[in-house]
Amino acid sequence: MKAGGGFGLLGLLVGAGLVSPQVARAAWDKAAFDSRGVEAVFAALGAGKPAPSTEIRINAPEIAENGAVVAVSVVSNLPQTEQIALLVDRNPYTLAAHFVIPPGTAPDIQTRIKMAESANVYALVKAGGRFHVARREVKVTLGGCGA
Amino acid sequence: MSNPTRIRATVKDGYTEVRVLMSHVMENGQRKDAGGVVVPAHFITEVSVTHNERVVLAAQFGPSVSANPYLAFRFQGGASGDRIAVRWTDNGSDSRSDEARIG
Chain A
1159 MKAGGGFGLL
1169 GLLVGAGLVS
1179 PQVARAAWDK
1189 AAFDSRGVEA
1199 VFAALGAGKP
1209 APSTEIRINA
1219 PEIAENGAVV
1229 AVSVVSNLPQ
1239 TEQIALLVDR
1249 NPYTLAAHFV
1259 IPPGTAPDIQ
1269 TRIKMAESAN
1279 VYALVKAGGR
1289 FHVARREVKV
1299 TLGGCGA
Chain B
508 MSNPTRIRAT
518 VKDGYTEVRV
528 LMSHVMENGQ
538 RKDAGGVVVP
548 AHFITEVSVT
558 HNERVVLAAQ
568 FGPSVSANPY
578 LAFRFQGGAS
588 GDRIAVRWTD
598 NGSDSRSDEA
608 RIG
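Pasting the structure below:
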C-alpha cells in the first residue's frame, strides 16, 4: 500500500470511528509533509492531477503583513467532501495541514499558517473519492519562516 | 509541560461551532537562534477533536502551521453540556488532551 493511499484509508476509518485517534497518531504522513513542491505533495497524497474547481473557496488576505500568522479558511461546496489539504507553493515545506472531515462536519475550516514569502495557497479537496483543487495568491510583506 | 488548549464550543442553527487555540511553539526547523544555531523542528503533528468520543475533526499538521495553532470548524448536532475534547501530539514526546463543555 502506498503511503498516500494508506493515510486516506486510515482517515476514513478514524472518521467512521473504527480506529481510535490514539492508533491514528502513528499515521503522520511523513512522505507528504516532506515532499517539496505542489505536484510532489499531490502525488504523495494520491491526488495525481486534481481538477480545478470553482466549488472550493479559499479565504485569505490579499496582502498579509505578517507571514508568521496568515489566517486562511477553506470552504468546499463539493458534495461528500472527505479531506481538505492546505499547501503553500513557496514554503520550505509545501504541505501545511491536512484535515479529515467526517460525515456531519461542515467542509469549512479556518486556521492560521506561516508563509515564507508571497505565494499561492492551494486547497486540495477530496470529495466523493475524487480530488479537486483551488488556488489563491497571497502577497506577504514580512516573511514568516526565518523570522 | 505545555499549556492547556483553549476550547470554545457553542450551538448555533443546528451546528456546534468549535474554536480551538493550542499552545505550542511550532518550530519549523528553519529558524536560527541569537547564536546562529538552527532551532530544531518541534511542532504538533496530529490533532483530533471529539464530541462525546466521536471524532468530528482529525488533522495532521506540518511545520507551516503558525505558532499556537488555531482551528475553527462546525459539526452537525451537539447540545449544551456535551463534551468536546481536543488531543494533540507533536514530533517530540509531548502530547495533550483537554476538554470543554458545549456552552
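Quick mapping for you: the protein sequence lines, in order, are chains A and B.
Just so we're aligned, residue 1159 is where the first sequence starts under our numbering, counting upward by one.
Just so we're aligned, residue 508 is where the second sequence starts under our numbering, counting upward by one.
Virtual Cβ for every residue (Gly too), placed ideally from N, Cα, C.
{"query": "Quick one: what does DSSP say A1274 (chain A) is sitting in, helix, strand or coil?", "result": "coil"}
{"query": "Between Q1306 (chain A) and chain B, is any beta-carbon pair separated by less than 8 Å?", "result": "The displayed coordinates of chain A run from 1159 to 1305. Any statement about residue 1306 (chain A) would go beyond what the structure contains."}
{"query": "Would you mind sorting P576 (chain B) into buried or exposed? The rule is 16 or more other CB atoms within 10 Å of its CB.", "result": "buried"}
{"query": "Mapping the DSSP letters down to three states, classify P1179 (chain A) as helix, strand or coil.", "result": "Confidence is the limiting factor: at P1179 (chain A) the pLDDT is only 48, short of 50, which leaves the residue's position unreliable, though a coordinate-based value still follows. Note: P1179 (chain A) maps to helix in three-state DSSP."}
{"query": "Which residue wins for smallest C-alpha separation from E1240 (chain A), given the options A:F1289, A:R1293, A:T1299 and A:E1295?", "result": "A:F1289"}
{"query": "Leaving out five residues before and five after V572 (chain B) in sequence, what residues of the same chain have Cβ atoms less than 8 Å from its Cβ?", "result": "M533, F550 and I551"}
{"query": "Going along the segment 1203-1224 of chain A in order, which residues come within less than 7 Å of chain B, judged by CB to CB distance?", "result": "none"}
{"query": "Apply the 10 Å Cβ neighbour rule to I591 (chain B) and answer buried if 16 or more other Cβ atoms are within range, or exposed otherwise.", "result": "buried"}
{"query": "Excluding sequence positions up to five away, which residues of its chain have a Cβ less than 7 Å from the Cβ of G1286 (chain A)?", "result": "P1237 and Q1238"}
{"query": "Buried or exposed: where does R1194 (chain A) fall if 16 or more other Cβ atoms within 10 Å of its Cβ makes it buried?", "result": "exposed"}
{"query": "Thinking just about the alpha-carbon of each residue, which of A:L1245, A:F1257, A:S1211 and A:D1266 is nearest to the one in A1274 (chain A)?", "result": "A:L1245"}
{"query": "Could you give the distance in angstroms between the alpha-carbon of V1181 (chain A) and the alpha-carbon of R594 (chain B)?", "result": "Note that V1181 (chain A) scores 46 on pLDDT, short of 50, meaning its location in the model is unreliable and no value can be drawn from it."}
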